[in-house]
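Protein chains in written order, with the numbering used here: chain A, 5 to 308; chain B, 4 to 142; chain C, 615 to 753.
Notes follow once the structure below has been shown.
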Amino acid sequence: MVKSGAAARDLREAQPGGRYGEAAKMLSSQEGNSFADLLATHAEAVISAWTDEVAHSLRGRLSHAELQRQVTELQKGFQSALFGGALDLADDAAAELRAQLSELSSLRARQGFSANETAVSVFTLKDAILRVVNTDDAGSLRDYVSFSTFIDRAALFTFDSYVRVREELIADQAEQLLELSTPVVKLWEGVVAVPLVGTLDSARAQVVMERLLQSLVDTGSPYAIIDITGVPAVDTQVAQHILKTVVAARLMGADCIISGIRPQIAQTIVALGIEFGDIATKASLADALRYVLKLTGTTKRQER
Amino acid sequence: MDRVPVLKIGDILLVSIQIDMEDQVALQLQEDLAEKIVATGCHGVIIDISALDIVDSFVGRTLATIASVSKVLDADTVVVGMRPAVAITLVELGLSLPGIRTALNVELGMELLAKARAELDWEAGDSGDDEDEPAVTAP
Amino acid sequence: MTTRDGVAAAERIEVTSDQDVVRVRQLVRATAVAVKLSLVDQTKVVTAASELARNTLVYGGGGSVEVLRVENGRRAGVKIVFADQGPGIPDLDLALTDGYTTGGGLGLGLSGARRLVDEFEIDTEAGRGTTISVTKWCR
Ligand SMILES: Nc1ncnc2c1ncn2[C@@H]1O[C@H](COP(=O)(O)OP(=O)(O)OP(=O)(O)O)[C@@H](O)[C@H]1O
Ligand SMILES: [Mg+2]
């Protein structure tokens, strides 16, 4: 329900610019009724013709049975929206239909179909209707034109949701890549390390921060080494992120050691006036590990 | 009103906060704990907050007060199990929980308490008030 | 369900007690999950809401909290509006300073909450009350 509210707004916003076609003409209630009647009376013929059209446009990449199921659902969606009194795709009565169309877009996007192929699945309803409508009758023809407008808007809506879903998919994948490029390794019992390589932007620094902290919990490691040997430069923001990670780790009960600070980076840190305070820094990852082992070793000896 | 249970396990009091506490519940816990420390003579308190999905300034302040009161009653407090998202948020909020010892989990918290006690016993006769020690000590 | 411009859903809680602050946290959490904020961002916005709702209760003498699902083009978000008819905040700059408190708190609620959200607006007038609205957007 909530989703459909948002969709309704999108349509309304789009209207003034005419993004959804000619003057965004609404159906009259009489046109709506006759459209609904038409869909109901010729349900079987419409579904069959529509399925054929879609199958043709997708060139057999989805099974006929599956398409038929989808088309049947859509046909029902259109029919109940119109029977419910929807005169425009943005109407409340068309909420269910909009949800269906978004779902179709999302499905097609995930299956790797293009935006065009997705929108055509809706556009082809027009061809299907043309087969059952009596085109010799002027009244029916006029109705057909108004139905077309409604269908066009539905297809464009589908196109739009497809684009949105695609963008989400791409963003997800980018994020996954980001995570792959920041491994957190368990170096020793009680010690994890993140060797950072490459440019650290703010977004990546944030991902590193979260992953490092989570790995402390998962492995029960009270020590973490952040190795920045492979980082060519840091800016204030990134330095701040590292700093915040160290403070957050302390709140959780773990200590961080930063290793591999290059001379230039040390200069930057000082020049930027960033306080690294009492955070332990070591020249190399090996030095850092040695340092941690000495700390834990001392602890062990004390305990005995 | 819900009440957070305080369990005695060996010579340690274990508090596991499992609910989204109303402020009043947090204050009640503060009172209950002080009484339980005196009643049991325990020297260590572990507060497990791994079930808490947020810690705001009120809860943070309550934890700090609990740690201070316990210290006066000769008991060390360790807060364990803070979630990463909670820690990140606290840093942004500006709450650094000075004076509170923390550990990743209950087990590490116990080790920390044992170590603190051992150090105290070492310096036998010492009142045990080492004011200068860092807010968060390494386990 | 409302379909005001950019608003997909809204719910309102009257805040007159501790329990209501807990309910605000829970509602904000549910909404943050529904708009798919990341876990850390959920935690940040719930913590901010907890701070501000408590201020509404303690300093504003109670009031209302409205939690809205909002959209702006591509992004979804959570917007929360805290309103009270209390004494207002006479010196806003001062109140927004870390550590400033008139109520024996840590003075981090207002300033910290501002750091935890993406948008933060205050409308306050001495003797009239305070309205604070905050928004957290999906990244
Ligand atoms: N809704 C309000 N109405 C009137 N005054 C307010 C309101 N909210 C905040 N204030 C004033 O601003 C000051 C700072 O608020 P803030 O939340 O930062 O700190 P606090 O509530 O005193 O302590 P903390 O939130 O850290 O426990 C308060 O002490 C109070 O004087
Ligand atoms: Mg406050």
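Glycine residues also receive a C-beta, built at the ideal position from the N, C-alpha and C atoms.
Please name the residue in A/D92, A/V201, A/L129 and A/Q74 whose C-alpha comes closest to that of A/H46.
The residue labelled residue 46 of chain A in the question sits at position 42 within the first sequence. That would be A/L129, whose Cα lies nearest to the Cα of A/H46.
Which stretch, first to last residue, makes up the alpha helix (DSSP H) that contains A/Y295?
Position 291 of the first sequence holds residue 295 of chain A. In the DSSP assignment, A/Y295 falls within the alpha helix (DSSP H) that extends over L289 to E307.
Please go through the same chain and pick out, in chain order, the residues whose beta-carbon is closer than 6 angstroms to the beta-carbon of B/A37, but skip the five residues on each side of it.
In the second sequence, residue 37 of chain B corresponds to position 34, counting from 1. Cβ within range, chain order: V72.
Run down chain B in chain order and give the residues with a C-beta less than 9 angstroms from the C-beta of C/D712.
Position 98 of the third sequence, counted from the start, is the residue given in the question as residue 712 of chain C. Per Cβ cutoff of 9 angstroms: G97.
What's the C-alpha gap between A/V201 and A/P236?
On the first sequence, residue 201 of chain A is found 197 positions in, with the first residue counted as 1. On the first sequence, residue 236 of chain A is found 232 positions in, with the first residue counted as 1. Their backbone Cα atoms lie some 8 angstroms apart in a straight line.
So which residues of chain C does B/D35 contact, with C-beta pairs closer than 8 angstroms?
Position 32 of the second sequence, counting from 1, holds the residue named residue 35 of chain B. By Cβ distance, chain C contributes nothing, its closest Cβ being about 17 angstroms from B/D35, past 8 angstroms.
Just how far apart, CA to CA, sit A/L220 and A/A228?
The sequence position of residue 220 of chain A within the first sequence is 216, counting from 1. The sequence position of residue 228 of chain A within the first sequence is 224, counting from 1. So the alpha carbons of these two residues sit roughly 8 angstroms apart.
Considering Cα atoms alone, identify which of A/G89, A/K80 and A/W54 is closest to A/T32.
Numbered from 1 along the first sequence, position 28 holds the residue referred to as residue 32 of chain A. It is worth fixing the name first, because residue 32 of chain A is Ser in this sequence and not Thr. Taking only the C-alpha atoms, the option nearest A/S32 is A/G89.
Name the DSSP beta bridge partners of C/W751, please?
On the third sequence, position 137 is the one that residue 751 of chain C refers to. BP columns for C/W751 point to C/G691.
Which value, in whole angstroms, describes the spacing of the CA atoms of B/S99 and C/L710?
Within the second sequence, the letter at position 96 stands for residue 99 of chain B. Within the third sequence, the letter at position 96 stands for residue 710 of chain C. About 18 angstroms.
Going by other Cβ atoms of all chains shown within 10 Å of its Cβ, with 16 needed for buried, is A/W54 buried or exposed?
Taking the first residue of the first sequence as 1, we reach residue 54 of chain A at position 50. With 16 or more other Cβ atoms within 10 Å, it is buried.
Which class does A/Q280 belong to by DSSP, given the choice of helix, strand or coil?
If you number the first sequence from 1, residue 280 of chain A lands on position 276. For clarity, residue 280 of chain A is Phe in the given sequence; the question names Gln instead. A/F280 falls in the coil class under three-state DSSP.
Are the C-beta atoms of A/L255 and some chain B residue less than 8 angstroms apart?
Counted from its first residue, the first sequence places residue 255 of chain A at position 251. Output row for A/L255: interface = yes.
Return the CA-CA distance between B/I22 and A/D156, expressed in angstroms with no decimal places.
Along the second sequence, one-based indexing puts residue 22 of chain B at 19. Along the first sequence, one-based indexing puts residue 156 of chain A at 152. Rounded to the nearest angstrom, the two C-alpha atoms are 52 angstroms apart.
Would you verify that the beta carbon of B/A90 is, or is not, closer than 8 angstroms to some beta carbon of chain A?
Counting from 1 along the second sequence, the entry for residue 90 of chain B is found at position 87. Residue contact with chain A for B/A90: present (Cβ-Cβ distance below 8 angstroms to some residue of chain A).
When the Cβ atoms of the stretch 190 to 207 of chain A are set against those of the stretch 285 to 294 of chain A, are three or more pairs found closer than 8 angstroms?
The answer is yes - the stretch 285 to 294 of chain A touches the stretch 190 to 207 of chain A, with three or more Cβ pairs under 8 angstroms.
Looking at the unbroken alpha helix (DSSP H) that takes in A/L225, where does it start and where does it end?
Indexing the first sequence from 1 puts residue 225 of chain A at position 221. Correcting the residue identity first, residue 225 of chain A is Ser in this sequence and not Leu. Note, A/S225: premise wrong, no alpha helix (DSSP H); not H, not E.
What residue from C/V621, C/R626 and C/G620 has the CA that sits closest to C/F696's CA?
As a first step, residue 696 of chain C is located in the third sequence; it is residue number 82 there, counting from the start. Taking only the C-alpha atoms, the option nearest C/F696 is C/R626.
The alpha helix (DSSP H) with B/K118 in it runs from where to where?
The count along the second sequence starts at 1 and reaches residue 118 of chain B at position 115. Unbroken alpha helix (DSSP H) run through B/K118: V109 to W125.
Whose Cβ in chain B lies nearer than 8 angstroms to the Cβ of A/Q218?
If you number the first sequence from 1, residue 218 of chain A lands on position 214. What A/Q218 touches in chain B: P87.
Is the shortest distance between the beta-carbon of B/V41 and the beta-carbons of chain A less than 8 angstroms?
Numbered from its first residue, the second sequence carries residue 41 of chain B at position 38. Taking Cβ atoms only, chain A never reaches closer than 8 angstroms to B/V41, which makes this a no.
If I follow the unbroken alpha helix (DSSP H) through A/E121, where does it start and stop?
Residue mapping note: residue 121 of chain A aligns to position 117 of the first sequence, counting from 1. Unbroken alpha helix (DSSP H) run through A/E121: A119 to V136.
With 8 angstroms set as the bound, which would you pick, yes or no: does the beta-carbon of C/L730 sit closer than that to a beta-carbon of chain B?
Translated into the one-based positions of the third sequence, residue 730 of chain C becomes position 116. Chain B contact via Cβ: present.
So what does DSSP say about A/D231, is it helix, strand or coil?
Counted from its first residue, the first sequence places residue 231 of chain A at position 227. Strand.
Excluding the 5 residues flanking A/L299 on each side, which residues of the same chain have their C-beta closer than 6 angstroms to its C-beta?
Numbered from its first residue, the first sequence carries residue 299 of chain A at position 295. There are no such residues.
Give a yes or no on whether 8 angstroms exceeds the smallest Cβ distance from C/S678 to chain B.
Within the third sequence, numbered from 1, the residue matching residue 678 of chain C stands at position 64. With 8 angstroms as the cut-off, C/S678 does not count as an interface residue toward chain B.
In chain C, what lies closer than 8 angstroms to B/R64 by C-beta?
Taking the second sequence and counting its residues from 1, the one referred to as residue 64 of chain B is at position 61. Near B/R64 (Cβ distances below 8 angstroms), the residues of chain C are G719 and L720.
Let me check one thing: in DSSP terms, what residues is B/V83 bridge-paired to?
Within the second sequence, the letter at position 80 stands for residue 83 of chain B. According to DSSP, which records beta bridges pairwise, B/V83 is partnered with B/D51 and B/A106.
Alpha carbon to alpha carbon, how far is C/V659 from C/A667? Give it in angstroms, no decimals.
For the purposes of this step, residue 667 of chain C is taken as residue 53 along the third sequence, with counting starting at 1. For the purposes of this step, residue 659 of chain C is taken as residue 45 along the third sequence, with counting starting at 1. Distance between the alpha carbons of C/A667 and C/V659 is about 12 angstroms.
Beta-carbon of C/V692 versus every beta-carbon of chain B: anything under 8 angstroms?
As a working note, residue 692 of chain C is residue 78 in the third sequence. Judged by the 8 angstroms Cβ criterion, C/V692 is not in contact with chain B.
Does the beta carbon of C/G723 fall short of 7 angstroms from some heavy atom of ligand 2?
Sequence index remark: in the third sequence, residue 723 of chain C carries index 109 (1-based). For ligand 2, at least one heavy atom lies less than 7 angstroms from the Cβ of C/G723.
Which residue wins for smallest C-alpha separation from A/D205, given the options A/A270, A/V238 and A/L191?
To locate residue 205 of chain A, count along the first sequence from 1; it is residue 201. Here the closest residue by C-alpha is A/V238.
Could one say the Cβ of A/E107 lies closer than 8 angstroms to chain B's Cβ atoms, at least one of them?
In the first sequence, residue 107 of chain A corresponds to position 103, counting from 1. Closer than 8 angstroms to the CB of A/E107 there is not a single CB belonging to chain B.
Kindly examine ligand 2 and report whether one of its heavy atoms sits closer than 7 angstroms to the Cβ of B/G63.
Mapped onto the second sequence, residue 63 of chain B falls at position 60. Answer for B/G63: no, Cβ out of range of ligand 2.
Hey, A/A258 and A/P226: beta-carbon distance below 8 angstroms or not?
The sequence position of residue 258 of chain A within the first sequence is 254, counting from 1. The sequence position of residue 226 of chain A within the first sequence is 222, counting from 1. Taking 8 angstroms as the Cβ cut-off, A/A258 and A/P226 qualify as a contacting pair.
DSSP state of A/S106, grouped into three classes?
Here residue 106 of chain A is taken as the residue at index 102 of the first sequence, counted from 1. Of the three classes helix, strand and coil, the one that applies to A/S106 here is helix, per DSSP.
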